[in-house]
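Numbering (full-length UniProt numbering), first residue to last: 1 to 264.
Spelled out as C-alpha cells, the structure:
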C-alpha cells in the first residue's frame with residue numbers, strides 16, 4: 001500500500017466536503033455517497049502511488065488544477081450513480097451535475113496551460129489529466145445510457161479497451177506521437193456528452209450527437225492503432241544456414257529412368 005501523500009490526502013478531505021455539500025443541496029443518497037467516497041479513496045491512493053514516497057516530488061501547480069478537476073468529477077460520479085439508483089427521480093439533480101461537469105471541462109484547458117507556463121510538465125501530470133478525462137466520459141456515458149441506449153457506453157469503454165489491448169499486445173504499448181486532433185476529439189466527447197446529459201435536445205437529435213461523438217472517437221483510436229501497427233517491431237528473419245556439402249559420389253547424375261532398362 002503506497003504512502004498517502006499530503007496533497008492527495010487533502011484532496012480526499014475536500015472530496016468528502018464536496019459530497020456533504022451535494023447531500024445538503026441537490027440531495028445525495030447512500031449509493032451516491034458510496035460511489036463518491038470510493039472514487040475519492042481510489043484517487044488518493046493512485047495519486048500517492050504515482051508521486052512516490054516522500055521526499056519525492058509533490059503536486060505542481062498544474063497537478064493541483066487537475067486534482068481540483070478530478071474532485072469535481074468525483075461529485076459528478078456521485079450524482080450520476082445516485083440518479084441511476086433513484087430511477088424515476090434521476091433528473092432531480094441534473095442542473096448540479098451539468099454545472100460540475102461544465103467547470104471540470106473548462107479546467108481541462110487550464111492545467112495544460114499552467115504546466116507550460118510554469119515549466120512543470122511531467123509524465124505523471126499528463127497521465128493524471130488523461131485518466132480524469134477518460135473517467136468523466138465513462139461516467140457521463142453511464143448517466144445518459146438509460147435514455148439513449150447501452151451503446152453509448154462505448155464512448156467511455158474505448159479508452160479502457162485500448163489499455164487492455166496494450167497489456168495483451170506489446171506492440172500497442174509503444175508511445176504515440178503528439179497529435180492535436182486527439183486532444184480535440186477527447187474534449188469533444190465531454191462537451192457532446194454534457195449536451196446529452198443536460199437534455200436540451202430532443203431524443204433523436206441527442207442520439208445523432210452521440211453517434212457523431214462515437215464516430216470521432218473510432219476515427220481517432222483507429223488512427224492511433226494504425227500508426228502502432230505500422231511501427232511495430234518486426235523480428236528479423238533467422239539467418240539461413242549453409243547447405244551441407246554434397247559427397248562426390250552423390251554429385252554424379254543418377255541414371256534417367258527412361259534409359260535404365262536399355263541393354264537389360
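Where is the CB? At the ideal position from N, CA and C, for every residue including glycine.
Computed from a prediction, not measured in an experiment: that's the story for all the values here.
- In this structure, the straight-line span from the alpha carbon of residue 114 to that of residue 164 is close to 31 Å.
- In the DSSP assignment, residue 222 falls within the unbroken alpha helix (DSSP H) covering 203-230.
- In this structure, the beta-carbon distance from residue 207 to residue 132 does not fall below 8 Å.
- For residue 66, the three-state secondary structure derived from DSSP is helix.
- Put simply, the region 139-151 touches the region 206-222. At least three CB pairs are less than 8 Å apart.
- A straight-line Cα-Cα distance of about 25 Å links residue 176 and residue 59.
- Taken atom to atom, the span from the alpha-carbon of residue 167 to that of residue 24 is near 43 Å.
- For residue 17 against residue 44, the beta-carbon gap comes to about 14 Å, at or over 8 Å, which does not count as contact.
- The C-beta of residue 180 has fewer than 16 other C-beta atoms within 10 Å across all chains shown, which makes the residue exposed.
- With respect to residue 129, residue 77 sits apart: the two C-beta atoms are not nearer than 8 Å.
- At a Cβ-Cβ threshold of 8 Å, residue 93 and residue 104 do not count as neighbours.
- In this structure, residue 22 lies away from residue 95, with their beta-carbon atoms at least 8 Å apart.
- Boundaries of the alpha helix (DSSP H) harbouring residue 34: 30-51, taken from the DSSP string.
- Taking every protein chain shown into account, the CB of residue 178 has fewer than 16 other CB atoms within 10 angstroms, so this residue is exposed.
- Cα atoms of residue 233 and residue 224: separation of roughly 16 Å, rounded to the nearest angstrom.
- Around the beta carbon of residue 143, 16 or more other beta carbons sit within 10 angstroms, so the residue counts as buried.
- Between the alpha carbons of residue 195 and residue 228 lies a distance of about 33 Å.
- According to the DSSP assignment, residue 159 belongs to the alpha helix (DSSP H) that extends over 153-168.
- For residue 59, there is no enclosing alpha helix (DSSP H), as DSSP marks it with neither H nor E.
- For residue 32, same chain residues with a beta-carbon under 6 Å away, outside a window of 5 residues either side, are 78, 81, 82 in chain order.
- Counting C-beta atoms within 10 angstroms of its own C-beta, residue 186 has 16 or more neighbours from the protein chains shown and is therefore classed as buried.
- Spanning the alpha carbons of residue 136 and residue 173 requires a straight line of approximately 23 Å.
- Secondary structure note for residue 181: its alpha helix (DSSP H) is the uninterrupted segment 180-198.
- Under the three-state reduction of DSSP, residue 116 is assigned to helix.
- When only Cα atoms are considered, residue 98 and residue 36 end up about 17 Å apart.
- Straight across, the Cα-Cα distance linking residue 198 with residue 190 is about 12 Å.
- When the Cα atoms are used, residue 38 and residue 157 turn out to be separated by approximately 20 Å.
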